[in-house]
C-alpha cells in the first residue's frame, strides 16, 4: 500500500512520510490527542497492534509498548504495580515488611477489548453493560469509521483500529433475534430498522445524540439503496422509503412476509420469499427470476452476492448466483465432509460492508465486528481484527503456557487486545460457561447450556476443546456459576453450584460420564449469593458466598462448613493454584493474591476503593482464573480481560 493512499485513511492528526523516507510507521502530528493511534496497512502490522508506535505511551504516563519479537509486544513499566493507600497499611504492617515485599502483580496485557484502555475502551451500554441485543450488521461512514449496535439502546462508532469513538442513543426496545434488525447507510445518513420502527442519525452528530424516529413503519429494510431511496416492507406490503424525508412509494404486495430484502444499485428490489430470491423491476415481479437464496441476509456488494450461515460461514456468488467460489469463510454444517475452523462471534452474520477492495467488516449475531482481509489468490477471507469488548463473563480458562479460554475459544499468550478468538467451538447460551476448572494435566473442564441442553466443554487450551451437548438424563442448573473437581473413591467428581448454593455432582472421565445427583453444602449461616468454588486440598473445598470465603470439609457425600473469612464485605470471586489463593474483589476494585496455607497477603493489583480504566487499574473485577504465577481476571466494569503476572 502506498503512503499516499494511506494518508487519506488516517484522518486528521497523522501524517505519513513519503515512500522511502525512513520508517513506514505513521508519524503522530504534534497537535493530535496523545491517545490517538494511527491506522496503518492492516496486512503489514503484527496482529492487533493497529499501527501503534513502539515509543507510544498510553494514558497518564502508563506503560509503553515495547517490541519483544517479530510478532509479539509486551508491556514494560514500573507503574504496573499498584500502590496500597495509607488507609490499608495498618492491616498489612502486622504481617511485617517481608510480606509486603514478597511479590508484585503486573499487568501483562489486555484481552478481549480492542479499545484496551481509557476513553477508547469499547462499551456495550451507556455507563454500565447493556442487555444483549441482536447484531444489526455494520456500516462504514465517510470518515472511515465503523458503526454497529452496542447493546440494547446504544449505537457505537469505532475507529478501524478498534477504539470506541462515540456512543449514541437508540430510543425504544431492540427487536427480538427473529426481527432481523438492520443498520445501513443511505446518502450518508445512518438508518436503523429496529422491530417495526425506522430511525436515522447524521453520522456527524455529537456523541450522546439520539436517533430520530421516522413515521413510516417497516418490518424489513434493504442494505442497498439508490438515489436516497431504499427498499422496505411492512409485513407483505413492499414499498420504497426515503429516509431523509420519510416519504414512501408503494411497490406491491408479496406472497409472504420476507425475512430479508436487498436493493441493487440500478433500483432492482430483491425480496426473499420462501427462501427464493425474487426480482422486482419498476414495481413488478419478473416472472421466472426467483432463485435459491444465497444465504441468510443476502447482500449485493459491487456486483457480487454474499450470504451468511451458521458457524461463521460467509458465501460469495456472482450476479447470476453462480458460486465464486461459494464458501469464503468458515464452513456451515452439511457444506462438505471434513472440518474447518469456525468463528462463533461471526455466527449467522448480520451484515457485511466493504471498506476497500481488500478489506471488509462483518457483524455477527452478538454485534461484535470483525475485519476480514480478502485473499485474491486463495479467494477467501482471513480474519484480521476483532473490534469489540467482553460484556459478560463467568468462566475463564488459563493454562501454564498462558493460553486463555473464554466463552467458545482461546487467545494465545502473545495475543493483543484486538486479536480474534482462535480454535472456537459452538458457543454456550446467555451468560456463557460457569467457572472453568483446570486439571493437573492442563486441560479444562466447564459447563454451560447449548441449544437448550447441558453442555460440557473440555480439552487442552492449545487446541480446539470439545463441546459435548448432553441430550438426556443430565440435570443441570440453568445458571451454573461455580465449579470444582474432586476425587470421590475411584471417580473424578465435578461439583457445580448455582447462585443460590444448590449443588450437584457429575462423574467425569475425560468428559461427562453421568449424573451423581444433588450434593449438600452445609453452612452455619445461610448464604444467598454464591459466585465460585475452589479446591484447597483433597478434602478441603472453598466457596465465595456473600462476599465471604467459606471453608468446607467432607461430610459423608457432601460438605460441611469449617470456617469462614469475612474481611471483604462485598462480592468476590476466587481461584486456587500452586499454593496461592486469588481473590477478585468487585466492590474494592482489586485482585488480591494470598498464601493459601495461612491467608497472608502476597500481592495485590489495583487501588482499593478506586475504580479506573488505565492499565494499572480495575473496575469491578469478577471471574478469575490462576495458573502458577499467572492469573487472568474479568474486569467487568471495563468490559475487558486483564492478564496478571506475579513477580
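In our numbering, the protein residues as written are 4 to 650.
Glycine residues also receive a C-beta, built at the ideal position from the N, C-alpha and C atoms.
Cβ neighbour criterion (16 or more within 10 Å) applied to residue i
i, result
"residue 569", "exposed"
"residue 641", "buried"
"residue 380", "exposed"
"residue 265", "buried"
"residue 371", "buried"
"residue 643", "buried"
"residue 481", "exposed"
"residue 350", "buried"
"residue 295", "exposed"
"residue 36", "Bear in mind that a pLDDT of 30 at residue 36, under 50, signals an unreliable position, so the number given afterwards is only what the model happens to contain. So residue 36 ends up on the exposed side."
"residue 486", "buried"
"residue 210", "exposed"
"residue 565", "exposed"
"residue 130", "exposed"
"residue 326", "exposed"
"residue 610", "buried"
"residue 635", "buried"
"residue 560", "exposed"
"residue 189", "buried"
"residue 261", "buried"
"residue 181", "exposed"
"residue 256", "exposed"
C-beta atoms of residue i and residue j nearer than 8 Å
i, j, result
"residue 582", "residue 606", "no"
"residue 232", "residue 254", "no"
"residue 206", "residue 193", "yes"
"residue 355", "residue 304", "yes"
"residue 530", "residue 504", "yes"
"residue 592", "residue 622", "yes"
"residue 464", "residue 421", "no"
"residue 106", "residue 650", "yes"
"residue 512", "residue 495", "yes"
"residue 440", "residue 449", "yes"
"residue 198", "residue 178", "yes"
"residue 124", "residue 167", "yes"
"residue 632", "residue 612", "no"
"residue 347", "residue 315", "yes"
"residue 537", "residue 578", "yes"
"residue 499", "residue 509", "yes"
"residue 237", "residue 618", "no"
Among the options, nearest to residue i - alpha-carbon criterion
i, options, result
"residue 317", "306, 353, 293 and 289", "353"
"residue 251", "262, 224, 369 and 261", "224"
"residue 551", "559, 560 and 527", "527"
"residue 586", "619, 557 and 545", "545"
"residue 389", "165, 407, 403 and 196", "165"
"residue 226", "195, 650, 212 and 476", "195"
"residue 247", "219, 262 and 240", "219"
"residue 533", "447, 397 and 580", "397"
"residue 525", "558, 539 and 610", "558"
"residue 574", "201, 475, 435 and 535", "535"
"residue 280", "286, 270, 299 and 460", "299"
"residue 423", "411, 147, 433 and 331", "411"
"residue 460", "470, 452 and 435", "470"
"residue 118", "263, 392 and 156", "392"
"residue 456", "187, 584 and 478", "478"
"residue 120", "628, 625 and 620", "620"
"residue 387", "127, 156 and 163", "163"
"residue 128", "169, 148, 147 and 114", "169"
Beta strand (DSSP E) segment containing residue i, residue limits
i, result
"residue 300", "299-304"
"residue 215", "215-220"
"residue 171", "167-172"
"residue 682", "Beyond the ends of the chain as shown, which are 4 and 650, falls residue 682; an answer cannot be given."
"residue 312", "307-312"
"residue 187", "185-189"
"residue 606", "604-608"
"residue 3", "This structure cannot speak to residue 3, because the chain is shown only from 4 to 650."
"residue 491", "485-491"
"residue 158", "157-161"
"residue 228", "223-229"
"residue 356", "354-359"
"residue 194", "192-197"
"residue 180", "Where residue 180 is concerned, there is no enclosing beta strand (DSSP E), given that its DSSP letter is neither H nor E."
Which residue spans inside the segment 501-536 form an unbroken beta strand (DSSP E) run of at least 3?
-> Counting only runs of 3 or more, we get 506-512 and 514-522.
Unbroken beta strand (DSSP E) runs of length 3 or more, entirely within the segment 382-467: which are they?
-> With a minimum length of 3 residues, the continuous beta strand (DSSP E) runs that stay inside the segment 382-467 are 383-390, 399-401, 407-409, 412-414, 446-453 and 456-463.
4 or more residues per run - each alpha helix (DSSP H) lying fully within the segment 548-594 = None, since the segment 548-594 contains no complete alpha helix (DSSP H) of that length.
Could you name each continuous alpha helix (DSSP H) segment of 4 residues or more that falls completely within the segment 232-263, going from the start of the chain to the end?
-> As far as the segment 232-263 is concerned, it has no whole alpha helix (DSSP H) run of at least 4 residues.
Fully enclosed by the segment 262-296, which beta strand (DSSP E) runs are 3 residues long or longer?
-> The segment 262-296 contains these whole beta strand (DSSP E) runs: 264-266 and 272-276.
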